Every structure is written in structure tokens, then in C-alpha cells.
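Undergrad: Residue numbers (my numbering): 9 to 276.
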């Protein structure tokens, strides 16, 4: 029951944090000290409660309980953790407009539709592979959100539709530089995820894993192509957005597509 309370309070705080992020961006006030405190405090509290709730729900003596909504919530928690870490150095407050409400929805769905799910191995090497995978997903999810904001900002600038929200975003060059910084780090962890999978898992092309492996490799190829295109041909702007969103979409299907079909549609 305590986990339900933790989840409920975290959901409210994340929604409140999303509203604060939107308001701060509109007012171009996120770098002011009182606004930074107002933004960070509820999110830190939500992050802590979210983590405590996940600890009691996901971690068991038999292994990790990996239902569809549990997996979404864990991925969201890691995404929040990485976003908080990045926010110490980078102006990414605007990501909270999408990220915080999305995390609240993940928690709420987990509370409304609790499911036992499958139990993953307790072996250390498998946990290492899972850790690399979740960090890669979290980073590239942040990159996809950054790409969406970048696309909106680029469109608004080209169409001369500079509303208060667009004016509150960091400069376009800074947004783009941050996007590729996140993609670079995410790509490293995606590479580690694939390598650890081939090393530690018995058969990455077994029937229950083949779709995840193939889609993850395709996502890796897309992000590798984007980074090479950036280095050699100077890809940027809309091209970068399309490749980023495309690569993350494949990764999303790889991580959650089959689990959603099996648990929510086929009820297995």
C-alpha cells in the first residue's frame, strides 16, 4: 500500500514539475535562482519517491519483476536521473515540459494496471546488460525529446513565429550541440548494451529475443549513420531530427513493442 502512496505523490509532483517547467520557459526565467529551486525541489522529491516505489515493486528475491508498465516506469526513472544530472551543466529545463508529465503517466498506468510480469535473472552479468540497455534508452529518449523541441524551434524561427515559449528556449546552436552530445553518449551505451548482450546472453537471436536484437541493431546503424553524417557532411537541423526520432522509434519498439503485445493484447 505504501508503494501506491509513493507513486501517487510522485505522479502529482511530476505533473507540477511539468507545469513549472512550462511556466519558467514562457517567462524565460529558468536560470533565475528562485525558479531553479522551485523547479528542482519537487522533481527531486518525486524522483526519490518514484525510486523507493520501484525498489519495492521491481526487486524481489527471485529476480527483477519486469512487467510492461514496470519497465516503462524504470526507464522513465533513469531518464529523470540523467536529465537531473545533465541539468547541472546544460540548459535543458524545457525538456521537463514533456518528460515530467510523461513520467507521471507511466507511474499512473502502473498503479492502475498492476501486473506480475516476467521475472528476470539475478545473475550479475545479465544485470549489467540490462543497466547498459536502460541507460542507452534513457539517453536516447532525452535526445528524441530534445530533437522534438529543436524541430519546433527551427520551424518557428523559419516561419517567424517567435512566441514566448520559443523565446524562452536556449539558442538554436546550443540546442543542436546538446542534442549531439547526448546522442554520442547514448550511442556508446547502446554499443555496450549490444556487446554485453552478445557476450553474456546465451543466444541473442533466440525466438524471444530476435526482434529486440534486430531492431536494436537497426537503431544502432541509424545513430551511427547520423554521427558519421554529422562528422563528414555536417548534418544538422531537420536531418538530425529525422534520424534521431527514427532511431529512437526503433529502439522503443525493440524494448517495449513485444512486451506490450504479449502483456496487454495477448494477456500472456
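Note that beta-carbon positions come from the ideal geometry of N, C-alpha and C, so glycine has one too. None of these values were measured; they are calculated from a predicted model.
Cα separation between residue 175 and residue 182?
TA: About 14 Å.
Undergrad: Residues in its own chain within less than 8 Å of residue 223 by CB, not counting five upstream and five downstream?
TA: Excluding sequence positions up to five before and after residue 223, its CB lies within less than 8 Å of the CB of 258, 259, 261, 262, 265, all in the same chain and listed in chain order.
Undergrad: Threshold first: 3 residues or longer. Then list the beta strand (DSSP E) segments lying entirely within the region 46 to 116, N to C.
TA: As far as the region 46 to 116 is concerned, its whole beta strand (DSSP E) runs of at least 3 residues are 71 to 74.
Undergrad: When DSSP labels each residue in this structure, what does residue 327 get in the three-state scheme?
TA: Within the shown structure, residues of the chain are numbered from 9 to 276, placing residue 327 beyond reach of any answer.
Undergrad: Rank 92, 51, 19, 134 by C-alpha distance to the C-alpha of residue 205 and give the top, closest one.
TA: 134
Undergrad: Quick check on DSSP: helix, strand or coil for residue 147?
TA: helix
Undergrad: Tell me, to the nearest whole angstrom, how far the beta carbon of residue 88 is from that of residue 63; I am working on the premise that it is less than 8 Å.
TA: With 8 Å as the limit, residue 88 and residue 63 do not qualify as a contact, their Cβ atoms being about 15 Å apart.
Undergrad: DSSP on residue 284, reduced to helix/strand/coil?
TA: Residue numbering for the chain in the displayed model covers 9 to 276; residue 284 lies beyond these limits and cannot be assessed.
Undergrad: Given this structure, state the Cα-to-Cα distance separating residue 32 from residue 168, to the nearest angstrom.
TA: 22 Å
Undergrad: Out of 59, 68, 102, point me to the one whose CA is closest to residue 82's CA.
TA: Looking only at 59, 68, 102, the smallest Cα-Cα distance to residue 82 is reached by 59.
Undergrad: So, for residue 152: in the same chain, excluding its five sequence neighbours on each side, which residues have a beta-carbon less than 7 Å away from its beta-carbon?
TA: 252, 253, 256
Undergrad: Where residue 160 and residue 227 are concerned, what is the direct C-alpha to C-alpha distance, given to the nearest angstrom?
TA: 23 Å
Undergrad: Secondary structure at residue 154, three-state DSSP: helix, strand or coil?
TA: helix
Undergrad: If you count every other CB in all the chains shown that lies within 10 Å of the CB of residue 93, and 16 or more means buried, which is it?
TA: Counting Cβ neighbours within 10 Å, residue 93 comes out exposed, since fewer than 16 surround it.
Undergrad: For the candidate residues 194, 50, 61, 234, whose alpha-carbon lies nearest to that of residue 118?
TA: For residue 118, the nearest C-alpha among the options comes from 61.
Undergrad: Please work out which residues of its chain come closer than 6 Å, Cβ to Cβ, to residue 234, disregarding the five sequence neighbours upstream and downstream, and give them in chain order.
TA: The beta carbon of residue 234 sits closer than 6 Å to those of 251, all from its chain and outside the five residues before and after it, given in chain order.
Undergrad: Which residues bound the alpha helix (DSSP H) around residue 205?
TA: 180 to 208
Undergrad: Thinking C-beta only, is residue 150 closer than 9 Å to residue 120?
TA: no
Undergrad: Answer with buried or exposed for residue 91, where buried requires no fewer than 16 other C-beta atoms within 10 angstroms of its C-beta.
TA: Classification for residue 91: buried.
Undergrad: For residue 22, count neighbouring Cβ atoms within 10 angstroms of its own Cβ and tell me buried if that reaches 16, exposed if not.
TA: buried
Undergrad: For the alpha helix (DSSP H) that residue 254 lies in, which residues bound it at each end?
TA: 245 to 260
Undergrad: Select from 50, 231, 142 the residue whose C-alpha is nearest the C-alpha of residue 195.
TA: 231
Undergrad: Using DSSP with H/G/I as helix, E/B as strand and the rest coil, what is residue 176?
TA: Residue 176 carries a coil assignment under DSSP once its states are collapsed to helix, strand and coil.
Undergrad: Any idea what DSSP makes of residue 131, helix, strand or coil?
TA: coil
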